[in-house]
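Let me begin by presenting the structure, written as structure tokens, before commenting on it.
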Amino acid sequence: MTYFIFAGDMLVMLFMVVLVIWLTAFGSKEDAHETACIPLKDDIDHG
Numbered sequence: 427m428t429y430f431i432f433a434g435d436m437l438v439m440l441f442m443v444v445l446v447i448w449l450t451a452f453g454s455k456e457d458a459h460e461t462a463c464i465p466l467k468d469d470i471d472h473g
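Heads up: the sequence shown begins at 427 in my numbering, then just goes up one per residue.
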């Protein structure tokens, strides 16, 4: 059971690393900036 959990953790880590590499290699700086601002825009009152 421990090996199953460890293998699952390694697959999740591999997914996250590949996602970061993919976003930094193929994404534009504008997209990265817009994505990074999403948490900051949560406090703005749109009403």
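From the three backbone atoms N, C-alpha and C, an ideal C-beta is built for every residue, glycine too. For clarity, every value in this text was computed on a predicted model and none was experimentally measured.
*At what residues does the alpha helix (DSSP H) containing G434 begin and finish?*
Here residue 434 is taken as the residue at index 8 of the sequence shown, counted from 1. Where G434 is concerned, the enclosing alpha helix (DSSP H) starts and stops at T428 to F452.
*Could you pull the start and end residues of the alpha helix (DSSP H) that D457 belongs to?*
On the sequence shown, position 31 is the one that residue 457 refers to. Looking at the DSSP string, the run of the alpha helix (DSSP H) that includes D457 is K455 to A462.
_Could you tell me the alpha carbon to alpha carbon distance between F452 and C463, rounded to whole angstroms?_
Within the sequence shown, residue 452 is the residue found at index 26, counting from 1. Within the sequence shown, residue 463 is the residue found at index 37, counting from 1. If you take the alpha carbons of F452 and C463, they lie about 19 Å apart.
*Closer than 8 Å by C-beta to I431: which residues in its own chain qualify, once you throw out the five before and the five after it? Chain order, please.*
Counting from 1 along the sequence shown, the entry for residue 431 is found at position 5. If we look at I431 and ignore the five residues flanking it on each side, it has no Cβ neighbours.
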